[in-house]
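J.: The sequence shown finishes on residue 157 if you use UniProt numbering, and the numbering steps up by one all the way, no holes.
Okay, handing you the structure first.
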Amino acid sequence: MSHTPVITRSGEGALLDILGTRTRFLCSAEQTDNAWSLMEVTLPKHSGAPPHAHPWGEAYYVVAGEVGFLVDGKPQRLAAGDFLFAPANTEHAFEGLSEEPARVIIFDAPAHAGGFFREVDQHVKAMPDDLGKMLEIGARHGVRFSPPADAQGAPRP
């Protein structure tokens with residue numbers, strides 16, 4: 001692991017806009033020898049990630065607002081101060097629920113999310129037009145998207 005301290009000040013860090021969701025990297029995979037990464041995600045109401053799974057774990061800490069999660073088909077509503085851990089290969093989804101954008105700190109280990117998010121930021125601009133691109137990027141990074149909720153009858157977050 002890297003032995004170089006990392007300090008990311010307010011307003012610093014790589015900032016990505018992923019379909020209206022702002023993602024700021026507080027500590028990237030490159031800074032931890034791919035051991036883990038840490039992101040601050042701002043979720044406007046109804047923005048977020050559809051049901052998916054991947055071979056790394058993710059932890060979510062809600063800093064502000066409310067976020068709806070779907071974890072292994074079970075809906076969960078988390079508010080500021082709440083925490084959720086989704087182990088590797090757990091199907092999960094999330095979306096902002098509050099009128100004011102929610103803020104969430106996301107920790108992934110081992111670090112894999114950064115490469116996926118950077119590619120999506122560069123190549124996916126509008127859904128459903130760019131769905132094929134999203135699925136291809138996901139496949140390259142080990143992200144498996146689930147069929148839409150209405151196709152499988154599962155509740156949305």
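Think of the CB as a built atom: it goes at the ideal place given N, C-alpha and C, for glycine as much as any other residue.
#1: For a quick check, are the C-beta atoms of residue 65 and residue 102 less than 7 Å apart?
#2: With DSSP collapsed to three states, give me the class of residue 106.
#3: Start and end of the alpha helix (DSSP H) containing residue 93?
#4: Counting beta carbon pairs with one atom in the region 110 to 125 and one in the region 18 to 28, are three or more of them shorter than 8 Å?
#5: Could you give the C-beta distance for residue 93 and residue 78, rounded to a whole number, given that I count them as a contact under 8 Å?
#6: Where does residue 123 fall in DSSP's three states?
#7: Less than 7 Å between the beta carbons of residue 16 and residue 23, yes or no?
#8: What separation, rounded to the nearest whole angstrom, lies between the Cα atoms of residue 118 and residue 45?
#9: Please name the residue in 5, 3, 20 and 40 whose C-alpha comes closest to that of residue 14.
#10: Restricting to runs no shorter than 3 residues, where is the beta strand (DSSP E) found entirely within the UniProt domain "Cupin type-2" (40 to 105)?
#11: Residue 3 to residue 137, Cα distance in whole Å?
#12: Using three-state DSSP, classify residue 7 as helix, strand or coil.
#13: Leaving out five residues on either side along the sequence, give the residues of the same chain with a beta carbon under 6 Å from the beta carbon of residue 108.
#14: Would you report the Cα separation of residue 139 and residue 88, rounded to the nearest angstrom?
#15: Count the other CB atoms, across all protein chains shown, that sit within 10 Å of the CB of residue 155; report buried if there are 16 or more and exposed otherwise.
#16: Please go through the same chain and pick out, in chain order, the residues whose beta-carbon is closer than 8 Å to the beta-carbon of residue 153, but skip the five residues on each side of it.
T.: The relevant details are as follows:
#1: As a working mapping, residue 65 is identified with position 65 in the sequence shown. As a working mapping, residue 102 is identified with position 102 in the sequence shown. Their beta carbons are under 7 Å apart, which means residue 65 touches residue 102 by this criterion.
#2: To locate residue 106, count along the sequence shown from 1; it is residue 106. Three-state result, residue 106: strand.
#3: Taking the sequence shown and counting its residues from 1, the one referred to as residue 93 is at position 93. From DSSP, residue 93 is part of no alpha helix (DSSP H) but of the beta strand (DSSP E) over 92 to 96.
#4: Yes, they touch.
#5: What you label residue 93 is simply residue 93 of the sequence shown in a count that begins at 1. What you label residue 78 is simply residue 78 of the sequence shown in a count that begins at 1. Not really, about 13 Å apart at Cβ, beyond 8 Å.
#6: Taking the first residue of the sequence shown as position 1, residue 123 is located at position 123. Residue state, collapsed to three classes: helix.
#7: Reading the sequence shown from its first residue, position 16 is the one you call residue 16. Reading the sequence shown from its first residue, position 23 is the one you call residue 23. Against a cut-off of 7 Å, the Cβ pair of residue 23 and residue 16 comes out as a contact.
#8: As a first step, residue 118 is located in the sequence shown; it is residue number 118 there, counting from the start. As a first step, residue 45 is located in the sequence shown; it is residue number 45 there, counting from the start. Taking the straight line from one Cα to the other gives about 22 Å.
#9: Taking the first residue of the sequence shown as 1, we reach residue 14 at position 14. Answer by Cα proximity: 40.
#10: Counting whole runs of 3 or more residues, the UniProt domain "Cupin type-2" (40 to 105) contains the beta strand (DSSP E) stretches 48 to 53, 57 to 64, 66 to 71, 74 to 79, 83 to 86 and 92 to 96.
#11: Along the sequence shown, one-based indexing puts residue 3 at 3. Along the sequence shown, one-based indexing puts residue 137 at 137. Straight-line Cα distance between these residues: approximately 31 Å.
#12: Here residue 7 corresponds to residue number 7 of the sequence shown, with the count starting at 1. In this structure, residue 7 counts as coil in the three-state DSSP scheme.
#13: Residue mapping note: residue 108 aligns to position 108 of the sequence shown, counting from 1. These residues qualify, in order along the chain: 37, 56 and 58.
#14: In the sequence shown, residue 139 corresponds to position 139, counting from 1. In the sequence shown, residue 88 corresponds to position 88, counting from 1. So the alpha carbons of these two residues sit roughly 16 Å apart.
#15: Against the sequence shown, residue 155 aligns to sequence position 155. Bear in mind that a pLDDT of 44 at residue 155, under 50, signals an unreliable position, so the model cannot answer this.
#16: Translated into positions along the sequence shown, residue 153 becomes position 153. Legend: pLDDT at residue 153 = 43, less than 50; position of this residue unreliable, value from coordinates given subsequently. So the list is empty, once near-sequence residues are dropped.
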